[in-house]
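By the working numbering, the letter at position 186 of the sequence shown is numbered 822, and the numbering carries on one by one without gaps.
Contents: one structure, followed by commentary.
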Amino acid sequence: MNIAIIIGAGSSIGGSLINELTQDESVDRIVAVGRGASPEFLEHGEKVSYLRSDYSEESISAICLELMSSKGSITQLIICNGILHTDAISPEKRLEDISASSMLEILNVNTVIPLLWLAKLAPLLKSKNTCRVAILSARVGSIEDNRSGGWYSYRASKAALNMLIKTAAIELRRRAPNVKLIAFHPGTTDTRLSKPFQRSVPEGKLFTPEFVAKALLRLLRTLEPDTEQEFFDWDGQPVPW
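Structure representation (structure tokens):
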């Protein structure tokens with residue numbers, strides 16, 4: 637049994653990934669993890685199992701422990717957690733805008749939580765079957781590509797995430813050579829995360845969640861564990877660290 641796990645299933649991209657995977661005959665079971673219940677997942681019948689999590693370390697550990705009893709192999713793991721702004725937090729435009737509490741919240745959601753999922757699930761990824769793992773990152777986390785500045789917390793959280801992905805990929809090549817781990821830049825997607833900033837997006841560069849889901853799954857199908865590149869964009873092109 638081939639199992640796909642989607643973390644952050646309540647997000648627009650996460651939900652679109654689930655919709656795509658339900659039509660993939662090579663996937664026998666989908667485990668969707670999110671904060672709250674969504675009626676959409678119930679329409680897919682027994683193929684989708686929905687698990688609630690508050691994304692605390694205790695909750696993550698409990699879910700991973702439950703998954704250990706599952707039959708089958710995890711062949712796809714996609715982690716979609718991310719935050720750019722809230723009602724109380726906005727991306728910083730200058731140094732004076734930096735708040736320690738806001739920065740820590742951004743770092744927790746964008747950096748710590750994805751790594752916790754990867755760490756807790758790592759023992760389950762090793763098998764004879766190829767397992768492709770993608771964590772949603774962002775081009776603004778690229779140090780080399782930073783030409784406009786600003787967005788200190790978000791940039792830092794994604795840059796830190798990229799370093800953790802790179803480091804974990806090195807370890808997994810030794811521990812679980814069947815695993816391919818990548819960072820994925822989805823482009824600007826029409827979601828709540830990007831809504832306040834869509835005015836400046838060039839024509840044709842605002843993608844639907846459905847488009848991004850198809851692009852990511854198409855990319856994952858082409859990747860083998862021995863592929864060296866580990867940071868890709870929606871078009872399958874490499875992104876500099």
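Cβ atoms here follow ideal geometry from the backbone N, Cα and C, with glycine treated the same way.
The model shown is predicted, which means the values in this text are computed figures rather than measured ones.
Threshold first: 3 residues or longer. Then list the beta strand (DSSP E) segments lying entirely within the stretch 671-728, N to C.
684-688, 709-715
May I ask whether a heavy atom of the ligand GDP can be found less than 7 Å away from the beta carbon of CYS767?
By its list of ligands, the structure shown contains no ligand whatsoever, and the ligand GDP lies outside what it can speak to.
On the DSSP bridge list, what partners appear for PRO874?
In the DSSP output, where bridge partners are listed per residue, PRO874 has PHE868.
Is the stretch 812-827 touching the stretch 779-793, taking contact as three or more C-beta pairs under 8 Å?
Using a Cβ-Cβ distance cut-off of 8 Å, the stretch 812-827 and the stretch 779-793 are not in contact, since fewer than three pairs of beta carbons, one from each stretch, lie closer than that value.
ALA668 - partner residues in DSSP beta bridges:
ILE642, TYR686
Can you give me the Cβ contacts of TRP753 inside the same chain, cut-off strictly under 7 Å, excluding the 5 residues immediately before and after it?
ILE643, ILE696, ILE715
Residues bridged to ILE771 by DSSP?
Paired residue(s): ILE715, ALA819.
C-alpha distance - ALA909 paired with PRO750, whole-angstrom precision
Since the first and last residues shown for the chain are 637 and 877, residue 909 lies out of range.
Under a Cβ-count criterion, where at least 16 other Cβ atoms within 10 Å of its own Cβ denotes burial, should PRO874 be classed as buried or exposed?
exposed
Are PHE820 and ILE771 closer than 8 Å when you measure CB to CB?
yes
Pair every Cβ in the stretch 719-735 with every Cβ in the stretch 650-659, then say whether three or more of these pairs are closer than 8 Å.
no
Counting only the same chain and skipping the five closest in sequence on each side, list residues whose C-beta sits under 8 Å from that of GLU732.
Within the same chain, no residue comes within 8 Å of GLU732 by CB-CB distance, once the 5 residues on both sides are set aside.
Helix, strand or coil at THR863 according to DSSP, with G and I counted as helix
The answer is coil: DSSP assigns THR863 none of H, G, I, E or B.
Output the boundary residues of the alpha helix (DSSP H) element that contains LYS850.
845-858
Please name the residue in GLU866, GLU860, GLY777, LEU842 whose C-alpha comes closest to that of THR803.
GLU866
Under the rule that 16 or more other beta-carbon atoms within 10 Å means buried, what is THR711, buried or exposed?
buried
Taking buried to mean at least 16 other C-beta atoms within 10 Å of its own C-beta, is ILE734 buried or exposed?
The residue in question, ILE734, is exposed, as its Cβ has fewer than 16 Cβ neighbours within 10 Å.
Below 8 Å CB to CB, which residues in the same chain sit around GLU702 once its five sequence neighbours on both sides are set aside?
In its chain, beyond the 5 residues on either side, LEU687 have a beta carbon closer than 8 Å to the beta carbon of GLU702.
Mind checking GLY646: buried by the 16 CB within 10 Å criterion, or exposed?
buried
Alpha carbon to alpha carbon, how far is THR658 from THR858?
19 Å
Bounding residues of the alpha helix (DSSP H) (the contiguous stretch that carries ALA792):
788-811
Measure from the alpha carbon of ALA774 to the alpha carbon of each residue in ARG768, ILE641, GLY718, then state which is nearest.
Among ARG768, ILE641, GLY718, the Cα nearest to that of ALA774 belongs to GLY718.
Can you list, in chain order, the residues of its chain with a C-beta nearer than 7 Å to that of ASN855? Leave out the 5 residues immediately preceding and following it.
Asn is not the amino acid found at residue 855; the sequence shown has Leu there. So the qualifying residues of the chain are PHE868, GLY872.
Residues that THR825 bridges to, as DSSP identifies them
Beta-bridge annotation (DSSP): THR825 is paired with PHE843.
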